[in-house]
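Numbering (full-length UniProt numbering), first residue to last: 1 to 628.
This is the structure we're talking about:
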């Protein structure tokens with residue numbers, strides 16, 4: 001399998017890359033830069049001997065890795081020779097660079113201290129800087145949570161400088177290598193390790209340190225670049241130009257090749273593979289002949305593939321939900337363009353980053369709990385169970401939205417997680433509606449309690465009357481007035497006020513329909529709205545007045561009528577309720593009846609205003625309601 005994988009990448013690399021001549025032609029060096037290269041045909045290079053998968057020394061003492069292949073390509077493009085210094089540790093190489101005994105360093109991250117004696121090219125690869133612990137404690141989440149804790153990093157690696165400066169309370173431990181640093185975490189000698197995600201992933205897999213756990217991501221990014229010593233600053237822009245001639249696809253092929261190789265391939269194996277490649281090229285002619293026979297079949301397959309890709313693109317690009325995929329380390333490998341509409345991030349700003357970067361701290365805790373449950377449940381791995389949860393997502397502008405995430409782990413035949421995929425759907429509006437509904441239920445409960453208290457008071461007053469049937473009818477009408485207000489509110493659950501004219505008109509219709517008299521009504525009012533509680537109180541007051549009019553006012557009146565006039569004036573709503581009945585005698589108190597007692601009590605307690613009764617071709621009642 002390793003042989004086939006090696007052959008695959010070599011063959012693809014050979015056919016897919018741009019030629020060296022074409023790359024050299026793309027350089028636009030100045031005359032001074034060209035002259036500098038002519039005067040410096042040999043460049044002394046310092047490489048970290050233990051920095052896999054970027055660069056390291058194999059069992060035969062040769063440097064191998066992603067950067068070695070990349071440097072070889074740059075060597076041919078620029079027409080110079082890179083001479084790699086051997087048998088030196090990273091700490092020794094940094095010291096040589098300070099003394100000016102090297103021309104350049106590879107696989108180095110720019111820091112303020114290093115910038116005092118080095119010049120840097122543009123980064124050729126970036127990777128998240130993550131936190132690793134032994135999996136026995138709570139999820140860490142960020143560097144801030146590690147204050148007063150023991151954190152181990154590699155000696156002279158970039159994270160040591162950043163941690164010392166920004167997090168002085170962290171107890172920093174230094175290890176000679178990444179492997180030793182991770183073993184210190186595994187053995188409990190350190191609480192956590194912080195470093196490059198690709199480096200950590202490689203070392204954990206190679207050394208079978210499976211008990212270690214990803215426990216957070218820092219705010220720092222490992223931007224791998226080339227660095228040049230004093231006197232060689234001219235190389236920085238030259239290298240940046242040369243790097244730009246190498247297509248990203250070509251660098252990715254190198255990167256994935258070294259990440260995909262099984263660990264421990266030795267020189268003899270590589271030689272064997274190379275000989276096998278030579279044999280492959282001898283039969284290329286035969287392949288070409290066979291390929292010509294398959295052209296028609298390939299065209300058909302390509303057309304089907306194109307159709308499938310177009311369908312997939314339409315589904316992912318036009319869908320409003322966010323579709324995503326992540327690897328086993330929860331690093332996003334794909335996210336649909338719809339994420340820009342939802343969160344404000346372009347897909348390329350999220351791919352390559354940890355999924356936790358999209359969530360709030362509370363959301364991360366929810367996701368970590370689901371991951372823990374999945375690990376503990378073998379049944380889920382067997383039955384392909386989806387995980388559904390709702391968390392807040394962070395937007396690019398600093399705001400938050402709610403989203404429902406439906407995710408599924410992808411397992412291999414041994415039920416080991418090899419990745420994740422899922423869909424995220426925005427639920428901000430739904431959450432707002434749920435909250436609004438909850439508030440409305442609370443308000444309704446409050447209204448009902450208040451109105452029950454009013455009914456209780458009215459029943460107590462009516463119980464003083466001897467005419468039980470009339471008391472019950474009055475109570476019935478009062479309850480009907482309250483019920484009518486709730487019906488109006490129920491017709492529009494989001495509205496918390498009532499339009500007065502509509503409510504009063506409907507209230508009078510109900511009251512007058514129960515009378516044996518043919519009583520007319522008139523309601524004059526502009527479009528005004530009252531709170532639910534004020535509307536109910538006004539309804540009870542009008543109910544009591546009209547009930548009294550029906551009982552006592554219309555004896556001998558041929559065309560009985562109730563008139564309600566409502567106007568807005570100086571922060572109040574003025575209400576005038578009148579009948580055209582017999583009125584009351586001057587020597588009689590107008591508010592001596594039970595119903596009018598209720599009116600006076602309600603107006604004083606609920607509206608904090610006064611009421612006035614007077615004769616005006618019948619009995620009239622004038623009151624004011626506070627109005628904002």
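C-beta atoms are modelled at their ideal positions from N, C-alpha and C, and glycine is treated no differently.
No experiment lies behind these values; they were computed from the predicted model shown.
message: So, under 8 Å CB-CB, residue 500 and residue 566 are touching, yes? Tell me the CB distance rounded to an integer number of Å.
response: Translated into positions along the chain shown, residue 500 becomes position 500. Translated into positions along the chain shown, residue 566 becomes position 566. Yes, residue 500 and residue 566 are in contact; Cβ-Cβ is about 6 Å, under 8 Å.
message: Can you list, in chain order, the residues of its chain with a C-beta nearer than 8 Å to that of residue 505? Leave out the 5 residues immediately preceding and following it.
response: Translated into the one-based positions of the chain shown, residue 505 becomes position 505. Around residue 505: 521 and 523.
task: State the Cα-Cα distance for the pair residue 52 and residue 199, rounded to the nearest angstrom.
output: The residue you call residue 52 lines up with position 52 of the chain shown. The residue you call residue 199 lines up with position 199 of the chain shown. Between residue 52 and residue 199, the C-alpha separation is close to 6 Å.
message: Out of 515, 136, 179 and 602, which one is the CA nearest neighbour of residue 561?
response: As a working mapping, residue 561 is identified with position 561 in the chain shown. Of the candidates 515, 136, 179 and 602, the one whose C-alpha sits nearest the C-alpha of residue 561 is 515.
query: For the candidate residues 192, 124 and 107, whose alpha-carbon lies nearest to that of residue 145?
result: Working through the chain shown from its first residue, we reach residue 145 at position 145. If we check each option's Cα against that of residue 145, 192 comes out closest.
query: Under 8 Å between the Cβ atoms of residue 106 and residue 203?
result: Start at 1 with the first residue of the chain shown, and residue 106 comes out as number 106. Start at 1 with the first residue of the chain shown, and residue 203 comes out as number 203. Going by C-beta atoms, residue 106 is not nearer than 8 Å to residue 203.
- prompt: So residue 212 packs on residue 259, CB below 8 Å; how close in whole Å?
  reply: As a position in the chain shown, residue 212 is number 212, starting the count at 1. As a position in the chain shown, residue 259 is number 259, starting the count at 1. Wrong, their Cβ atoms sit about 18 Å apart, outside the cutoff.
- prompt: Helix, strand or coil: which one does DSSP assign to residue 419?
  reply: The residue given as residue 419 occupies position 419 in the chain shown. Looking at residue 419 - three-state DSSP - the assignment turns out to be strand.
query: How big is the Cα-Cα spacing for residue 178 and residue 55?
result: For this step, residue 178 is matched to residue 178 along the chain shown. For this step, residue 55 is matched to residue 55 along the chain shown. Computed Cα separation, rounded: 13 Å.
message: With three or more C-beta pairs closer than 8 Å as the rule, is the segment 424 to 433 touching the segment 391 to 406?
response: yes
query: From 583, 533, 227 and 549, pick the residue whose C-alpha is nearest to that of residue 512; which is it?
result: The sequence position of residue 512 within the chain shown is 512, counting from 1. Of the candidates 583, 533, 227 and 549, 549 places its Cα closest to the Cα of residue 512.
field: Cβ separation of residue 81 and residue 41, assumed to be a contact under 8 Å, to the nearest whole Å
entry: For this step, residue 81 is matched to residue 81 along the chain shown. For this step, residue 41 is matched to residue 41 along the chain shown. Right, the Cβ-Cβ distance comes to about 6 Å (below 8 Å), so this counts as a contact.
- prompt: Under the rule that 16 or more other beta-carbon atoms within 10 Å means buried, what is residue 616, buried or exposed?
  reply: Counting from one through the chain shown, the residue named residue 616 turns up at place 616. Per the 10 Å Cβ criterion, exposed.
field: Inter-residue CB distance, residue 366 and residue 339 (contact presumed, cutoff 8 Å)
entry: Taking the first residue of the chain shown as 1, we reach residue 366 at position 366. Taking the first residue of the chain shown as 1, we reach residue 339 at position 339. In fact, because the Cβ distance is near 20 Å, the residues do not count as touching under 8 Å.
task: Give, in chain order, every unbroken run of the beta strand (DSSP E) that is at least 3 residues long and sits entirely within the segment 486 to 560.
output: 497 to 499, 520 to 524 and 529 to 531
- request: Kindly identify the DSSP beta-bridge partner or partners of residue 400.
  value: Taking the first residue of the chain shown as 1, we reach residue 400 at position 400. Answer by DSSP bridge pairing, in chain order: 394.
task: Tell me residue 567's beta-bridge partners as DSSP assigns them.
output: Here residue 567 is taken as the residue at index 567 of the chain shown, counted from 1. In DSSP, residue 567 forms a bridge with 574.
Test: residue 391 CB closer than 8 Å to a CB of chain E: In the displayed structure, chain E is absent; only one protein chain is listed.
- prompt: residue 547: which of 531, 557, 596 and 334 sits nearest, CA to CA?
  reply: Numbered from its first residue, the chain shown carries residue 547 at position 547. Selected option, being the one with the closest Cα: 596.
- prompt: Where does residue 80 fall in DSSP's three states?
  reply: In the chain shown, counting from the first residue as 1, residue 80 sits at position 80. DSSP places residue 80 in coil when its eight states are reduced to three.
message: From the DSSP secondary-structure annotation, give me the bridge partner or partners of residue 615.
response: For the purposes of this step, residue 615 is identified with residue 615 of the chain shown, where counting begins at 1. According to DSSP, which records beta bridges pairwise, residue 615 is partnered with 619.
- prompt: For residue 622, which residues from the same chain have a beta carbon less than 6 Å from its beta carbon, with the 5 sequence-adjacent residues on both sides left out?
  reply: Here residue 622 is taken as the residue at index 622 of the chain shown, counted from 1. Taken in chain order, the residues that qualify are 576 and 612.
field: Touch test, the segment 355 to 365 against the segment 325 to 345, Cβ-Cβ under 8 Å, three pairs minimum
entry: yes
field: Limits of the alpha helix (DSSP H) - the one that residue 156 falls within
entry: Counting from 1 along the chain shown, the entry for residue 156 is found at position 156. Note, residue 156: premise wrong, no alpha helix (DSSP H); not H, not E.
field: Spatial neighbours of residue 627 in its chain, beta-carbon cut-off 8 Å, leaving aside the 5 residues before and after
entry: Residue mapping note: residue 627 aligns to position 627 of the chain shown, counting from 1. Closer than 8 Å at the Cβ level, and outside the excluded window around residue 627, lie 528, 530, 568, 571, 572 and 573.
query: Between the C-alpha atoms of residue 558 and residue 503, what's the straight-line distance to the nearest angstrom?
result: By one-based count along the chain shown, residue 558 stands at place 558. By one-based count along the chain shown, residue 503 stands at place 503. C-alpha separation (whole angstroms): 27 Å.
Whether residue 158 touches residue 109 by CB criterion (8 Å): Within the chain shown, the letter at position 158 stands for residue 158. Within the chain shown, the letter at position 109 stands for residue 109. Contact: yes.
query: Three-state secondary structure (DSSP) at residue 217?
result: The count along the chain shown starts at 1 and reaches residue 217 at position 217. In this structure, residue 217 counts as strand in the three-state DSSP scheme.
message: Tell me whether residue 584, by its Cβ, gets closer than 7 Å to a heavy atom of the ligand SAM.
response: This structure simply doesn't include the ligand SAM, nor any ligand for that matter.
query: Within 10 angstroms of its Cβ, does residue 243 collect 16 or more other Cβ (buried), or is it exposed?
result: Taking the first residue of the chain shown as 1, we reach residue 243 at position 243. Buried, by the Cβ-count rule.
task: Can you grab the Cα-Cα spacing for the pair residue 360 / residue 99, in whole Å?
output: Translated into positions along the chain shown, residue 360 becomes position 360. Translated into positions along the chain shown, residue 99 becomes position 99. If I take the Cα positions, the gap works out to 46 Å.
field: Within 8 Å, strictly: CB atoms of residue 117 and residue 162
entry: As a working note, residue 117 is residue 117 in the chain shown. As a working note, residue 162 is residue 162 in the chain shown. No. Outside cutoff.
task: Have a look at 497, 102, 396 and 58 and flag the residue whose alpha-carbon is nearest the alpha-carbon of residue 226.
output: Translated into the one-based positions of the chain shown, residue 226 becomes position 226. Closest option to residue 226, Cα to Cα, is 102.
C-beta contact flag for residue 176 and residue 206 at 8 Å: The residue labelled residue 176 in the question sits at position 176 within the chain shown. The residue labelled residue 206 in the question sits at position 206 within the chain shown. Contact: no.
message: So, with DSSP's three-state summary, where would you put residue 266?
response: Residue 266 sits at position 266 when you count from the first residue of the chain shown. At residue 266, the pLDDT of 44 sits below 50, so the modelled position is not reliable; the number obtained from the coordinates is stated separately. DSSP places residue 266 in coil when its eight states are reduced to three.
message: How far does the beta strand (DSSP E) with residue 290 in it extend, from its first residue to its last?
response: As a working note, residue 290 is residue 290 in the chain shown. Here residue 290 belongs to no beta strand (DSSP E); instead the alpha helix (DSSP H) covers 284 to 293.
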